[in-house]
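**Student:** I have a structure here, written as structure tokens, and I will follow up with some questions on it.
Residue numbers (UniProt numbering): 1 to 246.
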């Protein structure tokens, strides 16, 4: 996630989000307490000293109500087991060529197609990104599967509530696709940005805060990202009694 990439930053601001980018090497020193969500890229490295504990830090963040969004975990410098609940997971790296077709899980319950993360998303919009996904999960433990390759047991996006927050893992290359500035006939660019926004604003509480702020880490740079619904982004907890929206 490169803060100098205007294609990426324009996509972020296009869905009323605001970002500040920080190098992944600064993860251990970054205070997450004032933010609502964290976005990490699994190709980056976050453990730079023996005292760094990625899982514990993110676990504390989620326990307090924060959301964590990780794309492409297990394919880069950090093993899956180093991520929160990562020991439950296994993944297969398929790039090249990667995966083009993405299918939203078909269910009439509150999961899959009806899950808040998938609201407004369609199969065609999540597919044909040149490389839609770099692999898939072969084991998801207690996570809920939200999208797959169209083949049973090949999961693309999975989610779990952790404490008062959410943990969302995806093998889709969201930042990579948004960074290219490309689009698809099915509006893939808008769909990728909507996917990101859905995760950032996801709330275990009902209703959800009207202003959301996010911390992002990935692809050589890390960033702070927040939904800018008013004139400025306000850190979580900074304004007690803030009006909420359904």
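Backbone N, C-alpha and C define an ideal beta-carbon position, used for all residues, glycine too.
Residues in the same chain with beta-carbon distance under 7 Å from residue 147, minus the five sequence neighbours each way, listed in chain order, please.
**Tutor:** Counting from 1 along the chain shown, the entry for residue 147 is found at position 147. Closer than 7 Å at Cβ, skipping near neighbours: 102, 103, 104, 105, 126, 156, 157.
**Student:** Under 8 Å between the Cβ atoms of residue 199 and residue 5?
**Tutor:** Mapped onto the chain shown, residue 199 falls at position 199. Mapped onto the chain shown, residue 5 falls at position 5. No, Cβ-Cβ distance for residue 199 and residue 5 is not below 8 Å.
**Student:** With H, G and I counted as helix, E and B as strand and the rest as coil, what does DSSP make of residue 135?
**Tutor:** Along the chain shown, read from residue 1 onward, the residue named residue 135 stands at position 135. Three-state result, residue 135: strand.
**Student:** In the DSSP assignment, the beta strand (DSSP E) including residue 90 goes from what residue to what residue?
**Tutor:** Locating residue 90 in the chain shown gives position 90, where the first residue counts as 1. Per DSSP, residue 90 belongs to the beta strand (DSSP E) from 90 to 93.
**Student:** Near residue 79, what residues of its chain come up, given a Cβ to Cβ distance below 8 Å and the 5 sequence neighbours on each side ignored?
**Tutor:** Numbered from its first residue, the chain shown carries residue 79 at position 79. 86.
**Student:** Quick check: residue 137 and residue 171, are their CB atoms within less than 8 Å of each other?
**Tutor:** Locating residue 137 in the chain shown gives position 137, where the first residue counts as 1. Locating residue 171 in the chain shown gives position 171, where the first residue counts as 1. Yes, the Cβ-Cβ distance between residue 137 and residue 171 is below 8 Å.
**Student:** Given 8 Å as the limit, is there contact between the stretch 113 to 122 and the stretch 149 to 169, that is, 3 or more CB pairs closer than that?
**Tutor:** Counting Cβ pairs under 8 Å, three or more are found: they touch.
**Student:** Compare the C-alpha of residue 197 against each of 32, 119, 55, 56 and name the closest.
**Tutor:** Indexing the chain shown from 1 puts residue 197 at position 197. If we check each option's Cα against that of residue 197, 119 comes out closest.
**Student:** Measure the C-alpha to C-alpha separation of residue 21 and residue 27 and round it to an integer number of angstroms.
**Tutor:** Within the chain shown, numbered from 1, the residue matching residue 21 stands at position 21. Within the chain shown, numbered from 1, the residue matching residue 27 stands at position 27. For residue 21 and residue 27, the distance between alpha carbons rounds to 11 Å.
**Student:** Would you call the CB atoms of residue 10 and residue 179 closer than 8 Å?
**Tutor:** Within the chain shown, numbered from 1, the residue matching residue 10 stands at position 10. Within the chain shown, numbered from 1, the residue matching residue 179 stands at position 179. In this structure, residue 179 does not lie closer than 8 Å to residue 10 by Cβ.
**Student:** Assuming the contact rule is C-beta atoms closer than 8 Å, residue 135 and residue 95 should be a hit. Round their C-beta distance to whole Å, please.
**Tutor:** Along the chain shown, one-based indexing puts residue 135 at 135. Along the chain shown, one-based indexing puts residue 95 at 95. The Cβ separation is near 7 Å, so the contact holds.
**Student:** Any heavy atom of the ligand HEM closer than 7 Å to the beta-carbon of residue 38?
**Tutor:** Here there are no bound small molecules, and the ligand HEM is not part of this structure.
**Student:** Alpha carbons only, please: which of 187, 154, 46, 13 is nearest the one belonging to residue 29?
**Tutor:** As a first step, residue 29 must be located in the chain shown, where it is residue number 29. For residue 29, the nearest C-alpha among the options comes from 46.
**Student:** At a Cβ threshold of 8 Å, is residue 68 touching chain D?
**Tutor:** Going by chain labels, chain D is absent from the structure shown, which holds only one protein chain.
**Student:** Once the 5 residues before and after residue 14 are set aside, which same chain residues still bring their CB inside 7 Å of it?
**Tutor:** Numbered from its first residue, the chain shown carries residue 14 at position 14. Taken in chain order, the residues that qualify are 193.
**Student:** So the alpha helix (DSSP H) residue 191 belongs to, where does it begin and stop?
**Tutor:** The residue given as residue 191 occupies position 191 in the chain shown. Where residue 191 is concerned, the enclosing alpha helix (DSSP H) stretches over 188 to 200.
**Student:** How is residue 171 classed by DSSP in three states: helix, strand or coil?
**Tutor:** Taking the first residue of the chain shown as 1, we reach residue 171 at position 171. If DSSP states are grouped into helix, strand and coil, residue 171 belongs with coil.
**Student:** Starting from residue 61, trace the beta strand (DSSP E) both ways and give me its first and last residue.
**Tutor:** Here residue 61 corresponds to residue number 61 of the chain shown, with the count starting at 1. Run containing residue 61: none in the beta strand (DSSP E); it sits in the alpha helix (DSSP H), 54 to 63.
**Student:** Keeping to the same chain, check which residues put their C-beta closer than 6 Å to that of residue 65; ignore five residues upstream and five downstream.
**Tutor:** The residue you call residue 65 lines up with position 65 of the chain shown. The answer, listed in chain order, is 164, 165.
**Student:** Taking the CB atoms as reference points, tell me whether residue 185 and residue 133 lie closer together than 8 Å.
**Tutor:** Numbered from 1 along the chain shown, position 185 holds the residue referred to as residue 185. Numbered from 1 along the chain shown, position 133 holds the residue referred to as residue 133. Cβ atoms of residue 185 and residue 133: not closer than 8 Å.
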